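K.L.:
Residue numbers (our numbering): 120 to 184. Each residue gets a CB set at the ideal place from its N, CA and C atoms; glycine is no exception. Values in this document were obtained by computation on a predicted structure and should not be read as measured data.
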């Protein structure tokens, strides 16, 4: 699930936790994912602020080139 959340951040770093939770709940494997679980994944990776998510995406895009 963590890799799924990180890939969602790469697609849209400015998405809210609620938007990420709704997107995960729409997938069959993650139907019972809650807000707190997504919050915990973001906290563990230090990505709670939208600013840090944006920096995370920029750093990943630099690594690809």
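Considering residue 157, what are the terminal residues of the alpha helix (DSSP H) in which it resides?
P.N.:
Here the alpha helix (DSSP H) through residue 157 covers 154 to 163.
K.L.:
Which of helix, strand or coil does DSSP assign to residue 120?
P.N.:
The answer is coil: DSSP assigns residue 120 none of H, G, I, E or B.
K.L.:
Contact between the stretch 168 to 182 and the stretch 138 to 152: three or more CB pairs below 8 Å?
P.N.:
Because the criterion of three Cβ pairs below 8 Å is not met, the stretch 168 to 182 and the stretch 138 to 152 do not touch.
K.L.:
Label residue 167 either buried or exposed according to how many other C-beta atoms from any shown protein chain fall within 10 Å of its C-beta, with 16 as the threshold for buried.
P.N.:
Looking at its Cβ environment, which holds fewer than 16 other Cβ atoms inside 10 Å, residue 167 is exposed.
K.L.:
What is the rounded straight-line gap between the Cα of residue 159 and the Cα of residue 177?
P.N.:
One C-alpha to the other measures close to 22 Å.
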